[in-house]
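Undergrad: There's a structure below that I have some questions on.
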Amino acid sequence: MAIAALSYFATEPKTMSRFFALTGLDPTSLRDAAASPTFVAGLLDFVLADERILLAVAEAQETTPEAIVRARQALERRPNEPIDVGSKPVGDDGWPPRPHDDWA
C-alpha cells in the first residue's frame with residue numbers, strides 16, 4: 240500500500256509537496272526514509288488524514304479505504320498479538336482456530 244500511495248503522490252505534485260513539507264523529507268531522502276520501520280506507518284497516517292487522498296490511494300490499489308485502515312492498525316500490533324478477525328471464530332486464546340483443531 241505504501242508503494243501505491245507514493246505512486247499516487249507522484250501524479251499529484253501538490254500532495255507530494257505537502258507530504259514532503261509535513262515529514263521534512265525531500266526526494267533525495269525518501270529512499271533512506273523508506274527503510275525506516277516507522278515510515279510506512281507515517282505514510283499511512285498521512286493518507287488516512289485526508290479523505291480525498293485515502294479514496295484515491297484505495298482506488299489505485301484496487302482496495303477499500305477500510306483495508307488501508309486495517310493495514311495501519313496492523314502496524315501497531317505487537318509481536319504475537321492476535322489479529323482482529325472480526326466475526327470469524329476465535330478460540331479462548333484470542334487466536335482463530337487452527338485447521339483440524341477438532342482432530343486432537
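Numbered per our numbering, the sequence shown spans residues 240 to 343.
Every residue gets a Cβ at the ideal spot worked out from N, C-alpha and C, and that includes glycine.
What are the boundary residues of the alpha helix (DSSP H) that includes Ala241?
TA: Taken as a continuous stretch (DSSP letters only), the alpha helix (DSSP H) holding Ala241 covers 241–250.
Undergrad: Go ahead and pull the three-state DSSP assignment for Thr262.
TA: In the structure shown, Thr262 sits in a helix (DSSP, three-state: H, G or I).
Undergrad: Express the C-alpha separation of Ser268 and Leu287 in angstroms, rounding to a whole number.
TA: Rounded to the nearest angstrom, the two C-alpha atoms are 22 Å apart.
Undergrad: Could you pull out every residue in the same chain whose Cβ sits closer than 8 Å to the Cβ of Ala243, ignoring the five residues on either side in sequence?
TA: Within the same chain, Ala243 has close Cβ partners Val296, Ala299, Gln300.
Undergrad: What three-state label does DSSP hand Ile322 in the structure shown?
TA: Residue placement at Ile322 is flagged as unreliable, the pLDDT there being 49, under the threshold of 50; a coordinate-derived value is accordingly withheld.
Undergrad: By Cβ distance below 8 Å, which residues in the same chain neighbour Ala241 in space, the five residues on each side in sequence not counted?
TA: Excluding residues within five positions, the ones whose Cβ falls inside 8 Å are Ala273, Phe278, Val279, Leu282, Leu283.
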